[in-house]
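Please read the structure below before turning to the comments.
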Amino acid sequence: MRTWPRTPEEALATQEVLRSRLISAPGPAEIDTVAGLDVAYDGDRLGAAVVVLDYADLSVRDTAVVLGRPAFPYVPGLFAFREVPALLEALEKLTVRPDVLICDGHGVAHPRRFGLAAHLGVLTDLPAFGVGKTRLVGEFAPVGEERGDRSPLIDAGETVGAVLRTRARVKPVFVSAGHRMDLDSACRMTLRLTPEYRLPETTRAADRACRDLLLRPSGAGRPGTLSPKGTH
665 MRTWPRTPEE ALATQEVLRS RLISAPGPAE IDTVAGLDVA YDGDRLGAAV VVLDYADLSV
725 RDTAVVLGRP AFPYVPGLFA FREVPALLEA LEKLTVRPDV LICDGHGVAH PRRFGLAAHL
785 GVLTDLPAFG VGKTRLVGEF APVGEERGDR SPLIDAGETV GAVLRTRARV KPVFVSAGHR
845 MDLDSACRMT LRLTPEYRLP ETTRAADRAC RDLLLRPSGA GRPGTLSPKG TH
């Protein structure tokens with residue numbers, strides 16, 4: 665993208681254009697690395713992190729962080745426009761290219777079917793999906809209490825995600841496909857990435873990284889308004 669939207673009207677128009685490029689497809693047949701993406705806030709500062717894990721043993725292969733400020737005001741349904749520039753900048757700093765992006769947020773389980781995971785997937789053309797802690801849209805039937813139990817997340821008659829139990833008798837998560845990813849693949853990967861905890865190890869690692877960044881002494885990095893590069 666040559667310029668980043670500055671108004672809700674510009675953001676909505678951009679969202680429509682990018683949504684037309686969204687691809688629904690099975691996840692990759694072979695996966696070596698997966699990346700967790702997360703953003704934490706401290707007042708008007710944000711810390712963005714991308715952590716790449718080995719898909720086989722979940723060890724950390726690479727980490728990149730960016731300190732800055734939100735690139736867009738808070739507008740419901742357009743939250744991705746605050747965070748995407750910082751996350752793209754962090755992705756560009758990686759030395760290990762991930763096979764799949766896993767966002768702390770939503771993909772098509774979004775009022776306009778284009779949440780953070782869909783947005784990042786289209787802009788990078790990497791397979792992507794979201795695992796949200798809370799529901800953004802939709803209704804669902806009660807989910808079974810055992811690990812792996814799931815219920816469709818339905819919005820306006822359309823299945824937009826799954827409510828997935830990753831730990832027995834612990835609150836479920838909300839999984840939705842983003843770009844070049846289908847819901848079944850996203851759910852299988854989510855279970856693979858949650859051997860001990862409710863949230864995927866990718867999300868946990870990225871959350872730690874961005875929070876640690878914000879806790880560093882102010883001299884460790886000077887925040888400034890993030891300006892997306894032309895390739896974004």
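The sequence shown begins at 665 in the numbering used here and counts up by one. Where a beta carbon is used, it is the ideal one built from N, C-alpha and C, also for glycine.
Pairing G842 with H783 gives a Cβ-Cβ distance under 9 Å. The C-beta of R685 has fewer than 16 other C-beta atoms within 10 Å across all chains shown, which makes the residue exposed.
Unbroken beta strand (DSSP E) stretches of 3 residues or longer found wholly inside the segment 782–867: 792–796, 814–819, 822–828, 837–843, given in chain order.
In the DSSP assignment, the residues bridged to L717 are V698, V724. Straight-line measurement puts the Cα of S849 at about 13 Å from the Cα of R814.
With fewer than 16 other beta carbons inside 10 angstroms of its own, E694 counts as exposed.
Note that the C-beta distance between A728 and L717 is not below 9 Å. In this structure, A754 keeps its C-beta atom at 9 Å or more from the C-beta atom of L780. The continuous beta strand (DSSP E) containing V764 extends over residues 764–767. Nearest Cα to V764 within the set K797, P836, P791: P791. Assignment of beta-bridge partners to A750 by DSSP yields no partner. Within its own chain, the residues whose Cβ lies closer than 7 Å to the Cβ of L878, once the five positions on either side in sequence are excluded, are A704, D706, R709, G711, listed in chain order. Under the DSSP assignment, L676 falls in the alpha helix (DSSP H) whose first and last residues are 672–683.
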